[in-house]
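Colleague: Can you read through this structure? Questions will come right after.
Numbering (my numbering), first residue to last: 255 to 668.
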């Protein structure tokens, strides 16, 4: 199946089998030939034996200067591994719910930089695009990705509901598109699926309809949504109901590999190829090797089992947090549009004591939780842009939530 159909195996492989395959692929690269005379400037020369062993002798990297997916004649094994990994990731996305995905590539840079490359690739089809409409989420990387790509962000604040969750202001996005030349100077709209509570997943279906109506590209930041059936089904529906050009997800958050690369996917091969061709130079094979070995080690059935465990743990955590909230006169914020993260109020604590909760959790070995100061006095400056009430995903403090503490069930399969 792996060779003939470029699909994930259902059952996991033993470590010895995986290593044997990696070594066989490595031996297909010219730097590992028994007899080879490399006289060029880039011949995968590795001085340290420890480094060579760490990378299984894979020193050529992937792609060529004009295309990150292009085959290297001197690196047949590395190129084959890269192609296999991309096809296996595509198969995994279909398994998780995006059944109509056409193509995907593993980029050797973080999620934020991959978003920047995606926006830069859109410049070819939107030469007049100057602005990126961005539904606010208080996470630095995705915001800085807009600035790094050389565009101006148009920040659309979220709307608070009576229950305390924060939803997408679709009307504000529409109003901006109408006001500014029907979106002609807008490069794209960037929405977000996976996020910290009390923020909801963006209404990507409505945004997709707007993008189709105004002929504006749509990029979805799906950072840790690959392992969420909910996020993936939303992306599939959005692609059917409107326009979705690209969606990006992180490798470490979804596949449990070291921090390394990100996966960019879409519903049109030409759109994906523009991203592949805008990457300057060759790329490290390390993220590809990590993902390739991990997918073989898990198999599709084991991955689905891990996804189920995460969902079960989410239900258990929410149940226990509800009991804790009742004991202390607090409440867990109801948010049906966020099945990854959970928020609980801290209204009974004095404002200067709220942040102490976060440090107490960390000192007790609990990481991944955040305490948010729900105040306009909490201001963050990012590259000259001011964000009031930073961390709460909205500039207006929620009146019915004095201090939401985002104790997130992180979106990583267990």
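Quick reminder that beta carbons are idealized off the backbone N, C-alpha and C, glycines included.
(1) Mind checking whether residue 457 and residue 646 have CB atoms under 8 Å apart?
(2) Quick check on DSSP: helix, strand or coil for residue 394?
(3) Determine the extent of the beta strand (DSSP E) in which residue 574 is found, giving its start and end residues.
(4) Can you grab the Cα-Cα spacing for the pair residue 303 / residue 268, in whole Å?
(5) Taking all protein chains shown into account, do 16 or more other C-beta atoms lie within 10 angstroms of the C-beta of residue 464, making it buried, or fewer, making it exposed?
(6) When burial is assigned at 16 or more other CB atoms within 10 Å of the CB, is residue 570 buried or exposed?
(7) Assuming residue 587 and residue 419 make a contact with CB atoms under 8 Å, what is their CB distance in whole Å?
(8) Let me know if residue 453 comes out buried or exposed under the rule of 16 or more other beta-carbons within 10 Å of its beta-carbon.
(9) State the DSSP-derived secondary structure class of residue 472, mapped to helix, strand or coil.
(10) The beta strand (DSSP E) spanning residue 677 covers which residue range?
(11) In the DSSP assignment, find the unbroken beta strand (DSSP E) run with residue 510 in it and report its ends.
(12) Round the Cβ separation of residue 326 and residue 309 to the nearest angstrom and send it over; I've been treating them as touching at under 8 Å.
(13) Answer with buried or exposed for residue 397, where buried requires no fewer than 16 other C-beta atoms within 10 angstroms of its C-beta.
(14) Near residue 403, which residues of its chain fall below 7 Å by C-beta distance, leaving aside the five closest residues on each side in sequence?
(15) Smallest Cα separation from residue 472: which of 445, 361 and 488?
(16) With distance defined between alpha-carbon atoms, name the residue in 278, 289, 260 and 332 nearest to residue 538.
(17) Taking the C-alpha atoms as reference points, what is the distance between residue 604 and residue 639?
(18) Give the straight-line distance between the Cα atoms of residue 290 and residue 335, rounded to the nearest whole angstrom.
(19) In the structure shown, what three-state DSSP assignment does residue 677 receive?
(20) For residue 407, list the residues DSSP reports as bridge partners.
(21) For residue 366 and residue 479, I'd like the C-alpha separation in whole angstroms.
(22) Given residue 400, which residues of its chain have a CB within under 6 Å of its CB, disregarding the five upstream and five downstream residues?
(23) Could you tell me whether the Cβ atoms of residue 409 and residue 426 are closer together than 8 Å?
(24) Pair every Cβ in the stretch 278-289 with every Cβ in the stretch 509-525, then say whether three or more of these pairs are closer than 8 Å.
(25) Residues in the same chain with beta-carbon distance under 6 Å from residue 376, minus the five sequence neighbours each way, listed in chain order, please.
(26) Let me know the secondary structure DSSP gives residue 625 once reduced to three states.
(27) For residue 656, count the other beta carbons within 10 Å of its own beta carbon; 16 or more makes it buried, fewer makes it exposed. Which is it?
(28) Taking the alpha-carbon positions, what's the residue 611 to residue 625 distance?
(29) For residue 421, list the residues DSSP reports as bridge partners.
(30) Have a look at residue 438 and residue 321 and give me their C-alpha separation to the nearest angstrom.
Modeller: To lay it out plainly:
(1) The Cβ-Cβ distance between residue 457 and residue 646 does not fall below 8 Å.
(2) Here residue 394 sits in helix by DSSP.
(3) Unbroken run through residue 574 is the alpha helix (DSSP H), 540-581; no beta strand (DSSP E).
(4) When rounded, the distance between both Cα atoms is 25 Å.
(5) It counts as buried.
(6) Exposed: under 16 other Cβ atoms inside 10 Å.
(7) So it is a contact: roughly 6 Å between Cβ atoms.
(8) Flag for residue 453 reads buried.
(9) The answer is strand: DSSP assigns residue 472 an E or B state.
(10) The chain is shown only over 255 to 668; residue 677 falls outside these bounds and no answer can be derived.
(11) Taken as a continuous stretch (DSSP letters only), residue 510 belongs to no beta strand (DSSP E), as it is neither H nor E.
(12) Rounded to whole angstroms, the Cβ separation of residue 326 and residue 309 is 15 Å, and the two are not in contact under 8 Å.
(13) Residue 397 comes out buried.
(14) Counting only Cβ-Cβ distances below 7 Å, and skipping sequence neighbours, we find 370, 373 and 374.
(15) That would be 445, whose Cα lies nearest to the Cα of residue 472.
(16) That would be 332, whose Cα lies nearest to the Cα of residue 538.
(17) Going from the Cα of residue 604 to the Cα of residue 639 covers about 30 Å.
(18) Approximately 22 Å, taken between the alpha carbons.
(19) Nothing about residue 677 can be reported from this structure: the residues present for the chain run from 255 to 668 only.
(20) In the DSSP assignment, residue 407 is bridged to 386.
(21) If you draw a straight line from the Cα of residue 366 to the Cα of residue 479, it is about 15 Å long.
(22) The residues are 386 and 407.
(23) No. Outside cutoff.
(24) Three or more Cβ pairs closer than 8 Å define a contact, and the stretch 278-289 falls short of that threshold against the stretch 509-525.
(25) Around residue 376: 441, 442 and 471.
(26) Strand.
(27) Legend: pLDDT at residue 656 = 36, less than 50; position of this residue unreliable, no value from coordinates given.
(28) Cα to Cα, residue 611 sits roughly 7 Å from residue 625.
(29) For residue 421, which the question treats as bridged, DSSP gives the partners 413.
(30) Taking the straight line joining both Cα atoms gives about 29 Å.
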